[in-house]
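Protein chains in written order, with the numbering used here: chain A, 59 to 560; chain B, 225 to 639; chain C, 333 to 679; chain D, 8 to 339.
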């Protein structure tokens, strides 16, 4: 079945997730959709599967305009989607998950269902225990289950959103074999990924999205460099400030092991010097955030040590890290960074009460807030509630809230949502801190930013962490390849993927 | 900050202005009530209006204790020229949080009441407080003992009267009635909470039952069982009291075929009716109100009831004509006719579930009581075996009123 | 939409809720055949008709205000302290206990009263912190923990009144033996309220108002209530603040219980909490958790309670109508809030 | 005490527990769909009064039950509307209704206090009631008690054995996933809130027309039942059989309290009365402990082997509340 998107638009607040996307997907192919995080891949696919309704635009199926307004409609058209966060029911059994959503007799007799399920999964070489609980399955197994379920519903179009995150090499092979089998049967497979290697080895055709827009369509043979450039775009060249690295070690990670479903990161070793900037690069959900959280006590390491200024803080809480002058700036600003419903000035009051006074000197904090607002060019007044600021301004507020003297500063996407000028200004501010011997670890999806501002880079891919790379001797292409899963061969073979402790 | 302070003081101002307006509205209200008074006095012309107020612990239409008082109030209106009743029901801290009976009595006074009736033992403290604070208002405290000179809680209060029917007789008759009808020899007494009053009433049931069991039926006293189960309150509060329905059922399950109720609600009757319709004949005797049998006449053996009317008429009349005297009275039935509503303080209506023969025997028992039979005569022991009354000794009012334990031979907790 | 318009609209919706509530009650009255105008008039006259009645309102106002003060702290911290009833009860029990211990000793009565109130505060605080600990360290939702502890507290109370602390030979609904008058809070003239209680309530309002609007601590509570995770990232320990919020609320609840004992009933009675906890929750919801409104709205609710007493006397209607009116007010204002958000989009 | 008496007593326990079972199963269904209906205490009293009134006026017990169920469904519909459609706090609205419906019942029910409505009697099942033990225990009850027992089995069957039950669990567990599988989350939640409310509404007339026949206003003895039901629903871990066990256990403790009243003089009767509440808190504690932060932190310090073992143990004792309980569903 041919699928044609015409001029799909979808906005979330101020973010234009899909802008005029027109796209034709021929039936019976494995069709790749490539792009970095926030490129609009998932949104587009959710529109196709009925989970999200577009603001404008339409989808034609087999030449006829469709009316998809809910997942039920999409399934009616034979379209099923495997979501990035598995939309299954962890406390239920495999077979229950399989059956939920199917039409049929009211009373469920699992015996027959199990038989059907067994024959069906054998066809794809899967071997799930129908009576196992979903929460005890690996990510790969959960995917297999979801694919089986969708196929049993008779979908002719199968959308897979980032299916290779968190699954083992063997499971990936299994998955790809199954997909090829399905394509051979005439089913349309839409494969959404940021992993170059996967796309290259699997897809008959690839479309690249960037910042909500379609960049182009590529057919094999693929040129990796070309794909990388399409994904990340041409970067603006910025000035490199002089590094201010001292020899003193502020943060040391020793054989650190952290796990957070669905990833497990093993044996990370790092010595962060005073004033040094380390960038964590990789696609979102590859493990950077997990490591960062482990460095600030938000995630307790399974093994290994986190040492701050010579003090072992491995199992200490976030607040104890804070007392040791480690600060953290999360990416989800309204959930984790700023408190919705209270004003900018109140935020400064919350963080600025160092002398433990009882009463708030509102005038003093208003002035202080106004100064910061001016300094960081925030568009807003001290009384403005933070949730009514734009994303960029929220980020500036969050940055301006950080304490003056810090040992270590951990940042998630510090310049996301900021215009270039502000981003440069922000980095000037951060680098000033480096001169005062603050070390910085930051996550960014922007490769240019990573290379430009960090002294060293750690690259993440599906829970694997590279050795620290010297950013002065790393090129954009190299980085892009690593992020896309190329050049990891040695490490990938050596390790198994995350298996939750059963 | 200063601005906020101002706001705060503004809000305080609001309160005080509300209080002030409140005081201002006082005037028109007074006018209104005056108007009403004028109208009514024109109508009734000759006898001067005398308003009395009743505070009832339960709902005025509870088919029980409070309704007995309400009906007495209506009786007073009929029989005392010019008397007019106002009332407030559900006067208890659970239903009227934040109020006290004394405060609500004030409320009745503001509505013109010149005499206030407190109808519950539970209001004792408030009744005393109110009486002290309002020496010009007459107070009747039903079931209290505050002005009983010999009593344990005596307080000299010139404007208070304590009145109480001698329900012990009613309960004895009930006990006798039960004994005459029980096949199994097991009688259950559904008790409320445990105190002096409830103990002496339960004991009265036992005295009446065992007397009739031995003397009229000629049975062995050992074959009669009178069991008391307390629910812990005057009515059921889920989660805190025993469930009287379950208590009644437990009685029935264990072979009790006559249940006598000592609580405010009618679970005994209802469960007896249910059990009987379901094939296990069980009879019941409710309490307090002479219309109580109506809820299930087919299983009702009769009801011992209070008749407050005559006492109220007497005291209210004396208040009107200036012959008021403080007194404690514990009134026996009118033995001429215990169901003469114009004279008796306590009565017993025979229920439609009684058989004719038993009616005759019960009447014989009532006549014996009228003739001076005193069942509070030794030898009687307390439940723990210690002597209550030696052989031939009769109990004093004090001993009965403040009965410290159940009697030997009864089953159930004494405290 | 500009803020001024939004504000007017917001007021319009609130007034709408008020009107709906009155309409609803009117409808109910018409159903029962009563004359609504008579009823409303009697409610007002019943509440403000005399200084005595106003005094009665103040008797109700004191506990309702104190409870609401405490609840504002937990609500600000995003917590539903439904266990407040039990906290009042335990406060009253502790307070009674102290007076019973010192009643026949030579310790100065004033000192005993002060000790008793402090014990009451401590009792309420313990019961509240228990809910807090269950929530923060046991993962038990405060609503369920609170409900369970309410039942336990009431059982304890009734158990004491009918058991260990019962009057000589007489266990009754009227509670324990009243204390000698020296252990009473001094009454204001002949009225049943004490100027001490009134003063404490006013101080309570001031403290809560300043705490929630003027102190760093209050701001931190607010931050925890509005966004627990964000507050944590900003360096505020949420668990500690939740426990402190429970502690403060429990102190107010315990104080309420203690004042009911030493100031109003002069003994422990079975329904010592008198439903003020639940009523306070309603007041807090009605005022959208703004301290400035505690005094007037608590006064209004208290007035309804007292005004309702006239209904049976004058109109032979049940006083529970006041409760219906209070409930429908809160309900319709909540509903109108929802309608407003739907109409205006989330503000 | 003879065996027969114990048997009869236990039969009484089943009867006394029956209305609680019906209400608790209703609330279980509602909460399974992810909605908390906190109004139970008010709903049961109001539906009890209205059901009593309806039966009084019409002479029909069936109509009485119907009226009660309509009231329960209506109150639940308000909770559903305000929480699902208007996105207001379920807890707040439910709580207000719990308080208000109670007062409304007392106010409107004043004129019919102490009136005599028909009573629902026990109707022994022919033959089955002759079976020793079971016959006395179960088959000599009223029709509503039979219904309550059938309801337990039916609710269990519906929730765990039918397609609709699977959808119900899905909606309460992860509404987004259920939506993704073609379920209308909003209408499902409305449906189960209203059905659950109707069942809660059946409990009211069950009391006033059968178990505690009669309407006596504030002294009817219904105030507090709703909170108990709520507690039992949670105690039962949202599983129909465990919820029913909780209800019977509660009734059993009450019965035990009065049977042992004269023998256990040293234990105040209140102790047995409130025993279910500390038990509920303990149960909640056990159920939730594994999910708390400090336990997790403690576990992280254990050596890997014992850590997995303890985790396993915690997983076994954990009964999971519907994951989306009390949270609204919004499609992105």
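Backbone N, C-alpha and C define an ideal beta-carbon position, used for all residues, glycine too.
Report the neighbours of residue 162 of chain D on chain A: residues whose CB is nearer than 9 Å to its CB, in chain order.
Neighbours of residue 162 of chain D on chain A: none; closest Cβ ~15 Å, over 9 Å.
I need the DSSP call for residue 176 of chain A, collapsed to helix, strand or coil.
DSSP places residue 176 of chain A in the helix class (H, G or I) of the three-state scheme.
Which two residues bound the contiguous alpha helix (DSSP H) that contains residue 437 of chain B?
Residue 437 of chain B: member of the alpha helix (DSSP H) spanning 420-439, first to last residue.
DSSP-derived helix/strand/coil call for residue 252 of chain A:
Reduced to three states, the DSSP call for residue 252 of chain A is coil.
Using beta-carbon positions only, say whether residue 353 of chain C and residue 620 of chain C come within less than 8 Å of one another.
In this structure, residue 620 of chain C does not lie closer than 8 Å to residue 353 of chain C by Cβ.
Let's see if you can read the secondary structure: which residues bound the alpha helix (DSSP H) around residue 386 of chain A?
Under the DSSP assignment, residue 386 of chain A falls outside any alpha helix (DSSP H), being part of the beta strand (DSSP E) whose first and last residues are 384-387.
One or two residues paired with residue 547 of chain C in a DSSP bridge
Residue 547 of chain C pairs with A/417.
Less than 8 Å separating the beta-carbons of residue 427 of chain C and residue 440 of chain C?
Taking 8 Å as the Cβ cut-off, residue 427 of chain C and residue 440 of chain C do not qualify as a contacting pair.
According to a CB-to-CB cut-off of less than 9 Å, which residues of the segment 341-368 of chain A neighbour chain D?
Taking 9 Å as the Cβ-Cβ cut-off against chain D, the residues of the segment 341-368 of chain A that qualify are 358, 359, 360, 361.
Contacting positions in the segment 109-122 of chain D - beta carbon closer than 9 Å to chain C:
Those would be 109, 110, 111, 112, 113, 114, 115, 116, 117, 118, in chain order.
Separation of residue 211 of chain A from residue 68 of chain A, as counted between CA atoms
One alpha carbon belongs to residue 68 of chain A, the other to residue 211 of chain A, and they sit about 28 Å apart.
Count the other CB atoms within 10 Å of the CB of residue 391 of chain B; is the residue buried (16 or more) or exposed (fewer)?
Looking at its Cβ environment, which holds 16 or more other Cβ atoms inside 10 Å, residue 391 of chain B is buried.
Assuming residue 288 of chain B and residue 467 of chain B make a contact with CB atoms under 8 Å, what is their CB distance in whole Å?
About 18 Å separates the two Cβ atoms, so there is no contact after all.
Output needed for residue 408 of chain A: all residues of its chain with C-beta closer than 6 Å, excluding positions within five of it in sequence on either side, in chain order.
For residue 408 of chain A, same chain residues with a beta-carbon under 6 Å away, outside a window of 5 residues either side, do not exist.
Just the chain A side, please: which residues come within less than 8 Å of residue 189 of chain D by C-beta, in chain order?
In chain order: 128, 129, 130, 133, 159.
Secondary structure at residue 92 of chain D, three-state DSSP: helix, strand or coil?
Residue state for residue 92 of chain D is assigned as helix, using DSSP reduced to three classes.
Complete runs of the alpha helix (DSSP H) confined to the segment 360-396 of chain C [at least 4 residues]:
Entirely contained in the segment 360-396 of chain C, the alpha helix (DSSP H) runs reaching 4 residues are, in chain order, 368-380.
Counting only runs of 3+ residues fully inside the segment 498-535 of chain B, write out the beta strand (DSSP E) ranges in chain order.
Listed in chain order, they are 507-509, 526-530.
Below 9 Å on C-beta distance, what does residue 370 of chain C contact in chain D?
Within chain D, no C-beta atom comes less than 9 Å from the C-beta of residue 370 of chain C; the nearest is roughly 15 Å away.
By the three-class DSSP mapping on this structure, what secondary structure does residue 430 of chain A have?
Looking at residue 430 of chain A - three-state DSSP - the assignment turns out to be helix.
Residues that residue 496 of chain B contacts on chain C, provided the C-beta gap is smaller than 8 Å
Residues of chain C passing the Cβ test: none, with the nearest at roughly 27 Å.
By Cβ distance, which residues of its chain are closer than 6 Å to residue 154 of chain A, with the 5 residues on each side in sequence left out?
Excluding sequence positions up to five before and after residue 154 of chain A, its CB lies less than 6 Å from no other CB in the same chain.
Can the beta-carbon of residue 570 of chain B be found closer than 8 Å to that of residue 299 of chain B?
Contact: no.
At which residue ranges does the segment 335-368 of chain A contain complete alpha helix (DSSP H) runs of 4 or more residues, listed in the order of the chain?
The qualifying runs are 346-352.
By a C-beta neighbour count over all protein chains shown, 10 Å radius and 16 as the cutoff for buried, is residue 245 of chain B buried or exposed?
Only weak support is given to the placement of residue 245 of chain B: the predicted model assigns it a pLDDT of 43, under 50, and the value that follows is read from those uncertain coordinates. Taking all protein chains in view, the Cβ of residue 245 of chain B is surrounded by fewer than 16 other Cβ atoms within 10 Å, so the residue is classified as exposed.
Distance between residue 619 of chain B and residue 260 of chain B (C-alpha atoms, nearest Å):
Here residue 260 of chain B scores only 40 on pLDDT, less than 50, and its place in the model is too uncertain to base an answer on.
Applying a beta-carbon distance threshold of less than 7 Å, which residues of chain C neighbour residue 400 of chain A?
The answer, in chain order, is 554, 555, 558.
Select from B/403, B/323, B/461, B/410 the residue whose C-alpha is nearest the C-alpha of residue 437 of chain B.
When each option's Cα is compared against that of residue 437 of chain B, the closest is B/403.
Would you mind reading off the limits of the beta strand (DSSP E) that contains residue 309 of chain A?
Segment 307-318, the beta strand (DSSP E) holding residue 309 of chain A.
Got a sec? Which residues, its chain only, sit under 7 Å from residue 457 of chain C by beta carbon, not counting five neighbours each side?
Within the same chain, residue 457 of chain C has close Cβ partners 579, 582, 583, 586.
Name the chain A residues that come within less than 7 Å of residue 551 of chain C, Cβ to Cβ?
The answer, in chain order, is 404, 407, 408, 418.
Starting from the C-beta of residue 512 of chain A, find all residues in its chain whose C-beta is less than 7 Å away, skip the five residues before and the five after it, and write them out in chain order.
Excluding sequence neighbours, residue 512 of chain A sits near 335, 336, 337, 529.
Cβ closer than 8 Å: which chain C residues qualify as neighbours of residue 320 of chain D?
Within chain C, no residue comes near residue 320 of chain D; the closest Cβ sits about 16 Å away, beyond 8 Å.
Show which residues of chain C have a CB atom less than 7 Å away from the CB atom of residue 348 of chain B.
Under the 7 Å cutoff, chain C gives 506.
Nonlocal neighbours in the same chain, by C-beta distance under 8 Å from residue 567 of chain B, ignoring five residues either side
When the five nearest sequence neighbours on each side are left out, the beta carbons in the same chain lying within less than 8 Å of the beta carbon of residue 567 of chain B are those of 534, 558, 560, 561, in order along the chain.
When you check each C-beta in the segment 78-91 of chain D against every C-beta of chain C, which residues fall closer than 7 Å?
Those would be 89, in chain order.
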